[in-house]
Structure formats: C-alpha cells, structure tokens
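In the working numbering, the protein residues as written are 73 to 346.
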C-alpha cells in the first residue's frame, strides 16, 4: 500500500486519504483512491504479449472520442491510473436488453471504424501456440481443424483496432451511455473477433439477441458466409481462452481461471462429441 500511496500522491498531486480494494480485473489488481481514481497494477506472472506502449498509444488516441473513461497516467510496467466514474455499472450488474445490445454494437463499430493502426497485432495464432505450450490440451484432435478454418478469415483481411477482451467488467453503462474500458489486450485484429468475443464472454445465447447484435453491427449488410463465420469464430475463441485460462490457473491458482476453463471446456467437449 505504501508504494501505491507514494505513486498516487506524486502523480495526482493529492494527499491519499483512502484506499480500497476494487473488485474486477482478471489480470490486474485495482484500487479505488480517494473515491476519485482507479489505480491498476498488473498481477505478477509472465505476460509476453502485453505492451504498455501499445495500450498507452491506443488510450491516447481514443481519449477524446467518447469511447472510454478518462486516462490520467500509464507507466512502463503497466500500472495505470484512470478517473473513477461513480455512477457506472458494468454488464455483470446490468440486464442486457435489446436496447443496450444495439448501443454496444454501435460503440464497437465506432471503435473499429477509426483509421488507426496500433503498434501491435493481436496475432491469435501465436498466442494460442504459446498458451498450449504451457499445458496439456485435451482438445488437440480438433485444434488443427479449428485453427485451419480460422486462418482463412485472416488471409488478405484488413485488421482494425480491436479491444479483444469484451468481458462483462470491461463494458460500462454510464447515464445510458456505453463505455469500453481496459485496453490492455487492444491491438490490430479481425473485427469479427470482437463481435463474437462480446457475445461469447457475456453469455448471449438467445438467437434473436445474437441476430440483433450482428445485424446492428453490420447495419443489416451481412457477409454472405455469416453463419459459418460465426460458428468458426465461436469455436476458435473457446479454444484460445480455454488454453489461456489453464495457463493462468497453473500460474496463479485463482478460482476465476478454473471457472473460465470449465466454461470453455464444456463447449469444446460438445464440439468433440459432434
């Protein structure tokens, strides 16, 4: 705590009177400072794909575009300070109505529409290989098939600025507006990765809501292979984050990673049985 007080006092030029642990953040620890700021520090484990430089350049680019909450500072070790939005709720505490789905789809489309190239590509295939090296993957019999199907979407396809981690805690509702936070995984990627990431990570299973979200994102101009593409991205994301969560559980032994692993494994098991 002493280190946090010193950093915040110096950077914010305030006297730190109150520090509270703030729930949220799978890869980070968060603290509420004086009820005004969120102090984020990275958990201690290898994160070879994280770049504080890339996160900072993206945060700086979007700061005036009504996408996220205000950034105060970000440091080379990934420590970050943002303004605390008092009346915000994330999607884990908010009913996901059709109206909200439409707002999120439009916000995501806005993020993807910018003519901006980040320093890093997300490169999901390199990530998957790295995660798989760290654990025994019981789904190797379907891994090659899932990956080969996925790779065709990345051939000659323009990558755009993507968030890549649209879990419930990273989407806030503030006075009926949608804000996207925590851009530590953000980089250049296939835009449909974000679309399916949102649906999958937020457990949107109602076919009508899935259709509404995708139709809104594409403004009803759907790609001709949308059904096949949707299935292929779902399968790949389950495979990717299954292997990631196993690696994280081995490193940190925290229950949240086991739960993520279990959720992804159940869906992959259905695929194996098919």
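Glycine included, each C-beta is placed from N, C-alpha and C at the ideal position.
Predicted model only: the values in this text are computed from it and were never measured.
Between residue i and residue j, how many whole angstroms is the CB-CB distance? I'm expecting something under 8 Å.
i, j, result
"residue 179", "residue 252", "7 Å"
"residue 223", "residue 197", "7 Å"
"residue 298", "residue 282", "Between residue 282 and residue 298 the Cβ distance is about 11 Å, and since that is not below 8 Å, they are no contact."
"residue 160", "residue 246", "5 Å"
"residue 340", "residue 304", "Not a contact, Cβ separation roughly 14 Å."
"residue 142", "residue 129", "With 8 Å as the limit, residue 142 and residue 129 do not qualify as a contact, their Cβ atoms being about 16 Å apart."
"residue 343", "residue 153", "Incorrect: roughly 42 Å between the Cβ atoms, too far for contact."
"residue 84", "residue 144", "7 Å"
Could you check if residue i is buried or exposed, using at least 16 other CB atoms within 10 Å of its CB as the buried criterion?
i, result
"residue 242", "buried"
"residue 112", "buried"
"residue 73", "exposed"
"residue 248", "exposed"
"residue 256", "buried"
"residue 318", "buried"
"residue 266", "buried"
"residue 264", "buried"
"residue 315", "buried"
"residue 273", "buried"
"residue 322", "exposed"
"residue 123", "buried"
Could you spell out the range, first to last residue, of the alpha helix (DSSP H) harbouring residue i?
i, result
"residue 226", "212–226"
"residue 124", "124–134"
"residue 183", "170–184"
"residue 74", "74–84"
"residue 280", "279–289"
"residue 205", "196–205"
At what residues does the beta strand (DSSP E) containing residue i begin and finish?
i, result
"residue 160", "160–162"
"residue 55", "This structure does not reach residue 55, given that the chain is present from 73 up to 346, and the question cannot be answered."
"residue 326", "Note, residue 326: premise wrong, no beta strand (DSSP E); not H, not E."
"residue 103", "100–105"
"residue 152", "152–155"
"residue 143", "143–146"
"residue 276", "Element bounds for residue 276: n/a, residue is neither H nor E."
"residue 91", "91–94"
"residue 139", "Element bounds for residue 139: n/a, residue is neither H nor E."
"residue 208", "Taken as a continuous stretch (DSSP letters only), residue 208 belongs to no beta strand (DSSP E), as it is neither H nor E."
Please work out which residues of its chain come closer than 7 Å, Cβ to Cβ, to residue i, disregarding the five sequence neighbours upstream and downstream, and give them in chain order.
i, result
"residue 101", "113, 115"
"residue 93", "103"
"residue 320", "329"
"residue 332", "313, 317"
Which same chain residues end up closer than 6 Å to residue i when comparing Cβ atoms and leaving out the 5 residues on each side of it in sequence?
i, result
"residue 151", "113"
"residue 250", "175, 176, 179"
"residue 313", "336"
"residue 90", "106"
For residue i, which residues in the same chain have their Cβ closer than 8 Å to its Cβ, ignoring the five residues on either side in sequence?
i, result
"residue 97", "112, 241, 254"
Between residue i and the ligand GDP, is there a pair consisting of the residue's CB and a ligand heavy atom that are separated by less than 8 Å?
i, result
"residue 307", "The ligand GDP is absent from the structure shown, which contains no ligands of any kind."
- Message: What ranges does the alpha helix (DSSP H) occupy inside the region 230–254, keeping only unbroken runs of at least 4 residues that lie completely in it?
- Response: none
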